[in-house]
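Asks: Once you've had a glance at the structure underneath, I'll fire off some questions.
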Amino acid sequence: LYLYYCYRLGYLPKYKKQNNARLHYLLKDDLMKLDKITDEVRLLGRENISTDEQLFSYKTSLEEQMKNLIAGRTHLRKKIRTNIDDGQLQAAKDEIASINGELKKLRREVKLCEDIAERSKVMEENLEHIETEEQKQQRKEKSRYEQRW
1 LYLYYCYRLG
11 YLPKYKKQNN
21 ARLHYLLKDD
31 LMKLDKITDE
41 VRLLGRENIS
51 TDEQLFSYKT
61 SLEEQMKNLI
71 AGRTHLRKKI
81 RTNIDDGQLQ
91 AAKDEIASIN
101 GELKKLRREV
111 KLCEDIAERS
121 KVMEENLEHI
131 ETEEQKQQRK
141 EKSRYEQRW
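Mapping to the UniProt record's numbering: the sequence shown position 50 is 50, numbers consecutive.
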């Protein structure tokens with residue numbers, strides 16, 4: 001069943017390039033969730049993040065980098081509005097384009113950090129719920145055992 005599911009997702013066989021347009025919409029949703037989780041795990045592994053504190057410090061460093069890049073981009077945009085020659089104008093536009101690309105990457109990583117934090121909170125709540133259910137089950141079994149004797 002798992003292999004068939006992987007086949008339907010397009011992961012198997014490996015020699016075929018997957019075509020997301022031909023997938024069923026339910027499988028597309030699963031595939032997008034899987035890709036998102038994969039990106040989150042890669043971020044955690046690449047940056048060696050194992051605690052919430054490390055995650056939030058990494059996120060704040062990304063936000064600082066974004067602020068610096070936005071300030072530089074604003075300065076370049078103001079520079080473009082002044083009367084400069086064509087060579088400087090094109091160089092400034094190219095630099096703005098590269099800054100925009102960098103900002104896109106940083107925003108994506110910030111979004112991944114937020115998603116990781118949200119998912120970890122949900123996972124903690126689920127684990128706590130499971131533990132309380134297991135404790136209730138153990139108490140029931142213990143009381144049944146004691147009633148028999």
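Just so it is clear, CB atoms sit at the ideal spot from N, CA and C, and this is done for glycine as well.
Because the structure is a prediction, the values reported are computed rather than measured.
(1) Let me know the secondary structure DSSP gives I99 once reduced to three states.
(2) Just list the alpha helix (DSSP H) runs in the region 33–108, keeping only unbroken ones of 4 residues or longer that don't cross its boundaries, in chain order.
(3) What does the alpha-carbon distance come out to for the pair N83 and L89?
(4) Alpha carbon to alpha carbon, how far is K142 from M66? Give it in angstroms, no decimals.
(5) Can you tell me whether DSSP reads L112 as helix, strand or coil?
(6) Would you tell me roughly how many angstroms separate the C-alpha atoms of S98 and R77, rounded to the nearest one?
(7) Any chance the region 126–142 sits against the region 41–54, with 3 or more Cβ pairs inside 8 Å?
(8) Using the Cα positions of D94 and Y4, report the straight-line distance between them to the nearest angstrom.
(9) Helix or strand or just coil, what does DSSP make of L23?
(10) Roughly how many angstroms separate the alpha carbons of L44 and E134, rounded to a whole number?
(11) Buried or exposed: I37, going by 16 or more other Cβ atoms within 10 Å of its Cβ?
(12) Nearest to G72 by CA position, among S57, E47, N100, R46, is which residue?
(13) Have a look at K33 and R81 and give me their C-alpha separation to the nearest angstrom.
(14) Just the Cα atoms here: how many angstroms apart are L62 and A117?
Replies: With the given structure in hand:
(1) Sequence index remark: in the sequence shown, residue 99 carries index 99 (1-based). In this structure, I99 counts as helix in the three-state DSSP scheme.
(2) Runs found: 52–81.
(3) Taking the sequence shown and counting its residues from 1, one reaches residue 83 at position 83. Taking the sequence shown and counting its residues from 1, one reaches residue 89 at position 89. For N83 and L89, the gap between their C-alpha atoms comes out near 9 Å.
(4) If you number the sequence shown from 1, residue 66 lands on position 66. If you number the sequence shown from 1, residue 142 lands on position 142. Separation of M66 and K142 (C-alpha to C-alpha, rounded to the nearest whole angstrom) is 57 Å.
(5) Residue mapping note: residue 112 aligns to position 112 of the sequence shown, counting from 1. In the structure shown, L112 adopts helical secondary structure according to DSSP, grouped into three states.
(6) On the sequence shown, residue 98 is found 98 positions in, with the first residue counted as 1. On the sequence shown, residue 77 is found 77 positions in, with the first residue counted as 1. Each residue's CA atom was taken as its position, placing S98 and R77 some 13 Å apart.
(7) Judged by Cβ distances under 8 Å, the region 126–142 makes no contact with the region 41–54, as fewer than three pairs qualify.
(8) Counted from its first residue, the sequence shown places residue 94 at position 94. Counted from its first residue, the sequence shown places residue 4 at position 4. If I take the Cα positions, the gap works out to 47 Å.
(9) Here residue 23 refers to the residue found at position 23 of the sequence shown. In this structure, L23 counts as coil in the three-state DSSP scheme.
(10) Position 44 of the sequence shown, counting from 1, holds the residue named residue 44. Position 134 of the sequence shown, counting from 1, holds the residue named residue 134. A straight line joining the alpha-carbon of L44 with that of E134 spans about 30 Å.
(11) The residue labelled residue 37 in the question sits at position 37 within the sequence shown. Exposed, since its Cβ has fewer than 16 Cβ neighbours within 10 Å.
(12) Mapped onto the sequence shown, residue 72 falls at position 72. Measuring from the Cα of G72, the nearest candidate turns out to be N100.
(13) Within the sequence shown, residue 33 is the residue found at index 33, counting from 1. Within the sequence shown, residue 81 is the residue found at index 81, counting from 1. Spanning the two alpha carbons is a distance of roughly 43 Å.
(14) To locate residue 62, count along the sequence shown from 1; it is residue 62. To locate residue 117, count along the sequence shown from 1; it is residue 117. Straight-line Cα distance between these residues: approximately 15 Å.
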